[in-house]
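The structure appears right after this line, and notes come after that.
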Amino acid sequence: MIKYFAVTVVLQLLLRYETDSIVVQKQINGILNEGKVVVFSNDIDVEKQNLEIQYDITQAPNITDYSSERQAIQWLTWYISIAQKAIKISTVLNFNYMTNITRENLQKYVAQKEFMSPFNRQTLPIMKRFNHFMQYSTNYDLKRIYSRGAHGTITVDDQYIEKTSKLRSQMLNIYSTTTVCDRLKCYPLTPDLDEMMHVEKDYDRLLWAWKGWHDRCGNKVRPLYVDYIDLLTKNIQENGYTDLTEKWMEPWETDNFEDMLDQLLDDVMPLYKQLHAYVRGRLCELYPYRFNCNGPIPAHILGNMWSQQWHERLDDFLPYSKTRLADMTKILQRKNVTIHQMYLFAENFYTSIDLYSMTENFWTKSMFERPKDRNVDCKASAFDMRNTDDYRIKICTEVDDNNFYIVHHEMGHIEYYMAYSKSQPYVYRDGANSAFHEAIGDTIGMFAICPTHGASLGLIDENIIDEKYEITYLMRTALQKVAFLPFAYVMDKYRFALFRNQIDRSKLNRAWWDMKLKYGGIMPPVERSEQNFDPGVKYHMLANVPYSRYFLSYILQFQFYRALCKIGQNEGPLHLCDIYQQKAVGDQFRRMLAMGNSRHWSEILEVFTGETTFRSEAILIYFQPLYKWLIKENIRRDYPVGW
Ligand SMILES: [Zn+2]
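What the sequence shown shows, in mature numbering (1 follows the signal peptide of the UniProt record, and there is no 0), is residues -21 to -1, 1 to 622, in sequence order.
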């Protein structure tokens, strides 16, 4: 009976919508056009804006029928006008805090969250109720906007916001203030320990740094992290989700999301295993009798605190002892390139393929250097200030090859912001998914550091590019991008399991290393215990940032890269393709960026690459020459494969 009733209601709704569809489209066009007219001033008067918001909230339309598209649109118009103002304020307060870490700035940011929480608490259930009906709407936009809007969660009490914010900032505070001391001095992670992991070769000195950081940071955050996750889980369950994992997967709008990740990792595993075997063999020769040459690699000798990327130790893994890559850091420094010029370099690549120049606000309001007079969060990031032409970055830039890459990466976020903000209404101003956002700048960065491009700019001598040079270049890229995949995979695999309560709380650290071993062949360099909490020494764990976006972006950037080369009719090997100054190539790229998230990401991807999902083909083709070389070389050197 209930079933029959439901079907009738839906049918009636569908019929009614059919006849009203033209009217509905006109009304939704109102929402889709909004935002283009609202111009905010650059300076923000929080108090005044909040007063406006308070007034706007009282103007909520009266809802009598959740199945009415007209009411759904009316309500959405009201909701968006407020949400748009609110997000602008919180973005400014967040930027202010990140670029000037003071108690006062944190307080302002948290207070704003608390100020808006009754609004969110009041509107989300309404969003969900409308969505219940609008999921059957024949109007694509109405359906899409409600289905995405109904994703959110509400918090039951303000104490919860206070408690979680406090725990999170306590953990991040431990992360940013922990130091490791020897007899001479104390070393913070950035820049000292980071740098030590990159350049130090002494096995025991590296072990000292690794263990010091893991013990001092990880042990301290362990109880906080557990409390934090428990609080988040409780809240998410009160919102009707099974666990945090379910919530994290929601934005991907993908069935079998985890299977997709598993499959991609499986696909690249043969390549990874060859790379792992080669690197382990070389390390075994460098550090004889320190570890088993047939087993996993100790985590501290891969040139990175988290062994997430291994390219810093390229010199120890050179395929040909006499072939070295042009040293970008030295080139930049020799040419006296300034921090500002690093940005001009990147901007020049983007504009050469007809993407956007940076705006006035970008140049005047970003934080390009670590300021001397205040404490800041140096983690590189890009901000869409939700204000006309106001996009900013915050990077403590140094002039070196890593930063050259980071600058391209962050500018990629800005290009994306600009492309969709110019073409899309507020509701669609976002990446097609978060992996898209991460992949844009990396894709362009790959072109920017490509040897053929370096030669065309006169940065490197064209004559040095030969087969050996190419293999060395591919090796560097693989150490950076292939080595990263199992690392990134485990970051979320572990949390998915933790959130689902599949990890015994008394074995949190053990479970972490079990996964590191299973998927990446990496082990802790010393005995670990359950006093330790080694996953907790990574920023994204403590900031609770999901990591699948990075895993997927490292697959996707090769899909983008290959598609761009195809459009540019590049006939040579992928790794030497250059699209610099090919405006027609960039044009198609920009068209994809401009779609924001107005359609499901698979449709957007298809428009550009012809593929409808994440696929490993492009990355495997890219590394094919290196893969062949590794197989031969591992046999020649008698290096075993696997762990
Ligand atoms: Zn990013």
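All C-beta atoms, glycine included, are put in the ideal place defined by N, C-alpha and C.
Is it the case that the CB of residue 624 approaches a heavy atom of ligand 1 more closely than 6 angstroms?
-> An answer regarding residue 624 cannot be provided, because it is not within the stretch -21 to 622 covered by the chain.
Between GLN536 and ALA418, is the Cβ-Cβ spacing less than 7 angstroms?
-> For the purposes of this step, residue 536 is identified with residue 557 of the sequence shown, where counting begins at 1. For the purposes of this step, residue 418 is identified with residue 439 of the sequence shown, where counting begins at 1. Yes, the pair counts as a contact, with Cβ atoms nearer than the cut-off.
If you drop the 5 nearest sequence neighbours on each side, which residues of the same chain put their C-beta closer than 7 angstroms to that of residue 623?
-> Missing from the structure shown is residue 623; the chain here goes from -21 to 622 and no further.
What is the DSSP secondary structure of PRO404, counted as helix, strand or coil?
-> By one-based count along the sequence shown, residue 404 stands at place 425. Looking at PRO404 - three-state DSSP - the assignment turns out to be coil, as it is neither helix nor strand.
Express the C-alpha separation of SER148 and SER47 in angstroms, rounding to a whole number.
-> Here residue 47 corresponds to residue number 68 of the sequence shown, with the count starting at 1. Here residue 148 corresponds to residue number 169 of the sequence shown, with the count starting at 1. The straight-line gap from Cα to Cα measures roughly 43 angstroms.
Between the Cα of ILE68 and the Cα atoms of VAL205, LYS92, THR376, which residue gives the shortest distance?
-> Start at 1 with the first residue of the sequence shown, and residue 68 comes out as number 89. The candidate whose alpha carbon is nearest that of ILE68 is LYS92.
Are the Cβ atoms of ARG455 and HIS290 separated by less than 7 angstroms?
-> Locating residue 455 in the sequence shown gives position 476, counting from the first residue. Locating residue 290 in the sequence shown gives position 311, counting from the first residue. In this structure, HIS290 lies closer than 7 angstroms to ARG455 by Cβ.
Start and end residues, alpha helix (DSSP H) containing ARG570 = Stepping through the sequence shown from its first residue, residue 570 is reached at position 591. Per DSSP, ARG570 belongs to the alpha helix (DSSP H) from 562 to 572.
Pick from SER400, HIS416, VAL71 that is closest to TYR529, judged by C-alpha positions | Position 550 of the sequence shown, counted from the start, is the residue given in the question as residue 529. Measuring from the Cα of TYR529, the nearest candidate turns out to be HIS416.
Do the CB positions of MET390 and ALA325 come within less than 7 angstroms of each other?
-> Translated into positions along the sequence shown, residue 390 becomes position 411. Translated into positions along the sequence shown, residue 325 becomes position 346. Yes. Within cutoff.
Buried or exposed (CB count within 10 angstroms, at least 16 for buried), MET(-21) = Your numbering for residue -21 matches position 1 in the sequence shown. Residue placement at MET(-21) cannot be trusted, given a pLDDT of 35 that sits under 50; what the coordinates show is reported in the next sentence. Counting Cβ neighbours within 10 Å, MET(-21) comes out exposed, since fewer than 16 surround it.
In three-state terms, what does DSSP make of VAL17?
-> As a first step, residue 17 must be located in the sequence shown, where it is residue number 38. In this prediction, VAL17 has a pLDDT of 36, which is less than 50 and means its spatial position is unreliable; what the coordinates show is noted afterwards. In the structure shown, VAL17 sits in coil (DSSP, three-state: anything other than H, G, I, E or B).
LYS309 to TYR405 span [Cα, whole Å] = Here residue 309 corresponds to residue number 330 of the sequence shown, with the count starting at 1. Here residue 405 corresponds to residue number 426 of the sequence shown, with the count starting at 1. LYS309 and TYR405: Cα-Cα distance of roughly 44 angstroms.
DSSP state of ASP331, grouped into three classes?
-> Here residue 331 refers to the residue found at position 352 when the sequence shown is read from its first residue. According to the sequence provided, residue 331 is Ser. The question's Asp does not apply to it. Looking at SER331 - three-state DSSP - the assignment turns out to be helix.
Measure the Cβ-Cβ separation of TYR154 and LEU521 and say whether it is below 7 angstroms.
-> As a first step, residue 154 must be located in the sequence shown, where it is residue number 175. As a first step, residue 521 must be located in the sequence shown, where it is residue number 542. The answer is yes: Cβ separation under 7 angstroms.
DSSP-derived helix/strand/coil call for CYS429 | Your numbering for residue 429 matches position 450 in the sequence shown. In the structure shown, CYS429 sits in coil (DSSP, three-state: anything other than H, G, I, E or B).
What's the C-alpha gap between GLU582 and TRP189?
-> By 1-based counting over the sequence shown, the position of residue 582 is 603. By 1-based counting over the sequence shown, the position of residue 189 is 210. Looking at the two C-alpha atoms, the distance is approximately 44 angstroms.
Secondary structure at CYS263, three-state DSSP: helix, strand or coil?
-> Taking the sequence shown and counting its residues from 1, the one referred to as residue 263 is at position 284. Helix.
Cβ neighbour criterion (16 or more within 10 Å) applied to ARG507 | Along the sequence shown, one-based indexing puts residue 507 at 528. Flag for ARG507 reads buried.
Pull up the DSSP beta-bridge partners for PHE362, would you.
-> Taking the sequence shown and counting its residues from 1, one reaches residue 362 at position 383. DSSP, once it has assigned bridges, lists ARG371 as partnering PHE362.
For ligand 3, any of its heavy atoms closer than 6 angstroms to the Cβ of THR588?
-> In the structure on display, ligand 3 does not appear, and the ligands it does have are ligand 1.
Under the three-state DSSP convention, the category ILE598 falls into | Taking the first residue of the sequence shown as 1, we reach residue 598 at position 619. Residue state, collapsed to three classes: helix.
Secondary structure of ILE482, DSSP reduced to three states = Looking up residue 482 in the sequence shown gives position 503. In this structure, ILE482 counts as coil in the three-state DSSP scheme.
Pick from ARG201, PHE383, GLY589 that is closest to PHE539, judged by C-alpha positions | On the sequence shown, residue 539 is found 560 positions in, with the first residue counted as 1. Nearest C-alpha to PHE539: GLY589.
Apart from the five residues on each side of it in sequence, which residues of its chain come closer than 6 angstroms, Cβ to Cβ, to residue 623?
-> Shown here, the chain extends from -21 to 622; a query on residue 623 therefore has no answer.
If you draw a straight line from the C-alpha of ILE546 to the C-alpha of CYS429, how long is it?
-> In the sequence shown, the residue the question calls residue 546 occupies position 567. In the sequence shown, the residue the question calls residue 429 occupies position 450. Near 18 angstroms, if we compare the C-alpha coordinates of CYS429 and ILE546.
Are TYR618 and VAL461 touching if we call contact CB-CB under 7 angstroms?
-> Working through the sequence shown from its first residue, we reach residue 618 at position 639. Working through the sequence shown from its first residue, we reach residue 461 at position 482. It is not a contact, given that the beta carbons lie outside the stated cut-off.
Cα-Cα separation between VAL18 and GLY515, rounded to whole angstroms = The residue given as residue 18 occupies position 39 in the sequence shown. The residue given as residue 515 occupies position 536 in the sequence shown. Residue confidence for VAL18 is low, a pLDDT of 35 falling below 50, so the modelled location carries little weight; the figure read from the coordinates is stated next. Whole-angstrom Cα-Cα distance: 42 angstroms.
In angstroms, rounded to a whole number, what distance separates the CA positions of GLN114 and GLU229?
-> As a first step, residue 114 is located in the sequence shown; it is residue number 135 there, counting from the start. As a first step, residue 229 is located in the sequence shown; it is residue number 250 there, counting from the start. Cα to Cα, GLN114 sits roughly 16 angstroms from GLU229.
To the nearest angstrom, report how far apart GLY260 and ILE280 are at their CA atoms.
-> On the sequence shown, position 281 is the one that residue 260 refers to. On the sequence shown, position 301 is the one that residue 280 refers to. So the alpha carbons of these two residues sit roughly 13 angstroms apart.
Residue range of the alpha helix (DSSP H) that CYS544 falls in?
-> Start at 1 with the first residue of the sequence shown, and residue 544 comes out as number 565. From DSSP, the alpha helix (DSSP H) with CYS544 extends over 527 to 546.
Count the other CB atoms, across all protein chains shown, that sit within 10 Å of the CB of GLN101; report buried if there are 16 or more and exposed otherwise.
-> For the purposes of this step, residue 101 is taken as the residue at position 122 of the sequence shown. The residue is exposed, with fewer than 16 neighbouring Cβ atoms inside 10 Å.
CA-CA distance, ASP369 and LEU487?
-> Stepping through the sequence shown from its first residue, residue 369 is reached at position 390. Stepping through the sequence shown from its first residue, residue 487 is reached at position 508. Going by the C-alpha atoms only, they are around 43 angstroms apart.
Can you name, in chain order, every residue of its own chain whose Cβ lies under 6 angstroms from the Cβ of LYS517, other than the five neighbours on each side?
-> Position 538 of the sequence shown holds residue 517. Once the five neighbours on either side are set aside, the close Cβ partners of LYS517 are TRP285.
Neighbourhood of TYR139 by C-beta, 8 angstroms cutoff - its chain only, sequence neighbours within 5 removed = The residue labelled residue 139 in the question sits at position 160 within the sequence shown. Excluding residues within five positions, the ones whose Cβ falls inside 8 angstroms are LEU210, ASN214.
In the structure shown, what three-state DSSP assignment does THR158 receive?
-> Residue numbering aside, residue 158 sits at position 179 when the sequence shown is read from its first letter. In this structure, THR158 counts as strand in the three-state DSSP scheme.
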